[in-house]
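Notes follow the structure.
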Amino acid sequence: MHTPFLLTAAAILASVATTVAGHGYLVDPKATYNQVDDVTKYAGVVDGYTALPNGAGKYNQDPRTNANNYIAAFKASKYTSLRDLVQKNGDPGGPCGFTNPNGNAQPLPSVVKWGHSSNEAFTPSHEGPCEVWCDNTRVFQNDNCAANLLTGEMPIDKSKCQGASQLYFVWAALHTSSWQ
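According to mature numbering (1 follows the signal peptide of the UniProt record, and there is no 0), the sequence shown holds residues -21 to -1, 1 to 159 in order.
Next comes the structure, spelled out in structure tokens:
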């Protein structure tokens, strides 16, 4: 049974090059978007070196090394979640990214799905963590979504979403030191 749920989402996403105009969106549940030219582009940026200083590592290496350096620095940091880090250090594109917080309620699936296109989930070169929240309760977390979630599927515990009114998704693509 699907429970009606007001869906909003904020996403910190990534781009391969300035000529590429897409990086993903929530496939399920569907979000209601504000008027934007491309709902798949990243919503904001976080400067990695400012947000999460990393004495031993760098954030300008290959995507996997950047992700591993992030993971090590994050574990030693004061932050409790990726959402916490983004909200305190970045521009997540507004409180709900490109989505409209007054959109229509959507059924909440037990598996939230991310997609970039009909044949791609997370952009493979955009390694980094992602989280799914129901209001202020984190219901999914992975340190490297692009590497670990090839189908874009994120199973959640729907019971933790009872009474919640907002779904929040955040993904940091760490392929450069300016996280998207």
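Don't be surprised by glycine CBs; every beta carbon is placed ideally from N, CA and C.
Tell me the rounded alpha-carbon separation between residue i and residue j.
{"i": "V149", "j": "C109", "result": "5 angstroms"}
{"i": "H105", "j": "A125", "result": "6 angstroms"}
{"i": "L128", "j": "G3", "result": "14 angstroms"}
{"i": "A(-1)", "j": "C75", "result": "With a pLDDT of 29 at A(-1), under the threshold of 50, the predicted position of this residue should be treated as unreliable, though the coordinate-derived value follows. Those two C-alpha atoms are separated by around 20 angstroms."}
{"i": "D16", "j": "T102", "result": "19 angstroms"}
{"i": "K37", "j": "A46", "result": "10 angstroms"}
{"i": "K20", "j": "M133", "result": "20 angstroms"}
{"i": "S156", "j": "Q14", "result": "29 angstroms"}
{"i": "L87", "j": "Q40", "result": "37 angstroms"}
Write down the C-beta distance between residue i and residue j rounded to the nearest angstrom, noting that I regard them as a contact closer than 8 angstroms.
{"i": "P139", "j": "V111", "result": "Checking the sequence shown, residue 139 turns out to be Lys, not Pro. Going by Cβ atoms, the distance from K139 to V111 rounds to 10 angstroms, so no, they are not a contact pair."}
{"i": "V18", "j": "A151", "result": "Not quite, the Cβ-Cβ distance comes to about 18 angstroms (not below 8 angstroms), so this is no contact."}
{"i": "P8", "j": "Q85", "result": "4 angstroms"}
{"i": "L5", "j": "V65", "result": "With 8 angstroms as the limit, L5 and V65 do not qualify as a contact, their Cβ atoms being about 17 angstroms apart."}
{"i": "K137", "j": "S89", "result": "5 angstroms"}
Under the DSSP definition of a beta bridge, which residues are partnered with residue i?
{"i": "G94", "result": "Y4"}
{"i": "S157", "result": "D26"}
{"i": "C109", "result": "N121 and W150"}
{"i": "T130", "result": "According to DSSP, T130 bridges with nothing at all."}
Excluding the 5 residues preceding and the 5 following residue i in the sequence, name in chain order all residues of the same chain whose CB lies nearer than 8 angstroms to its CB.
{"i": "T29", "result": "N68"}
Shorter than 7 angstroms from the beta carbon of residue i to some beta carbon of chain C?
{"i": "I135", "result": "Included in the structure is just one protein chain, with no chain C present."}
Note down, in chain order, each residue of its chain lying with its Cβ closer than 6 angstroms to the Cβ of residue i, except the 5 sequence neighbours on either side.
{"i": "N33", "result": "N48 and A52"}
{"i": "Y12", "result": "V18, F77 and T78"}
{"i": "G107", "result": "A46, A151, A152 and L153"}
{"i": "D114", "result": "A143 and Q145"}
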